[in-house]
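Numbering (UniProt numbering), first residue to last: 1 to 119.
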């Protein structure tokens, strides 16, 4: 799957269509990215590779992706304050602690369905 090329706007659009209560118990219509950072980071890593990084925020760790040297935080919209990124190295295991198998599988399957409309 990693060799498929997706544009950032395609990933963001597919994520916004894929996030739900099934991918994070913190999801809401008003804040669909809420609580989605770990699961989103894992699915984006599956699709595009790259590195998983984290930043410490008042409520805990926030996960995001570094792909080809560029930072992609697809769930930054859940926060009202600006994020000061630390770009601390993390891994799939640590990001997975922020989610569970059901949430991960749900988001990944929905992402594959929604991305299929682009290719």
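Just so you know, even glycine gets a beta-carbon here, dropped at the ideal spot from N, CA and C.
Please state the DSSP three-state secondary structure of residue i.
i: residue 75; result: coil
i: residue 26; result: coil
i: residue 40; result: helix
i: residue 64; result: strand
i: residue 83; result: coil
i: residue 21; result: coil
i: residue 90; result: coil
i: residue 1; result: Since pLDDT at residue 1 reaches only 47, below the 50 mark, its modelled position is unreliable, and no value is offered.
Would you mind giving the Cβ-Cβ distance between residue i and residue j, rounded to the nearest angstrom? I have them listed as a contact below 8 Å.
i: residue 74; j: residue 38; result: With 8 Å as the limit, residue 74 and residue 38 do not qualify as a contact, their Cβ atoms being about 12 Å apart.
For residue i, count neighbouring C-beta atoms within 10 Å of its own C-beta (all shown protein chains included) and say buried if the count is 16 or more, exposed if not.
i: residue 111; result: buried
i: residue 36; result: buried
i: residue 23; result: buried
i: residue 98; result: buried
i: residue 41; result: buried
i: residue 28; result: exposed
If distances are taken between C-alpha atoms only, which option among the options comes closest to residue i?
i: residue 45; options: 71, 77, 113, 117; result: 71
i: residue 67; options: 47, 28, 79, 77; result: 47
i: residue 95; options: 12, 117, 60; result: 60
i: residue 100; options: 69, 31, 21; result: 21
**Message:** Using a Cβ distance threshold of 8 Å, determine whether the stretch 86 to 102 contacts the stretch 40 to 56, with at least three qualifying pairs required.
**Reply:** Per the Cβ contact rule, the stretch 86 to 102 is in contact with the stretch 40 to 56 (3 or more Cβ pairs under 8 Å).
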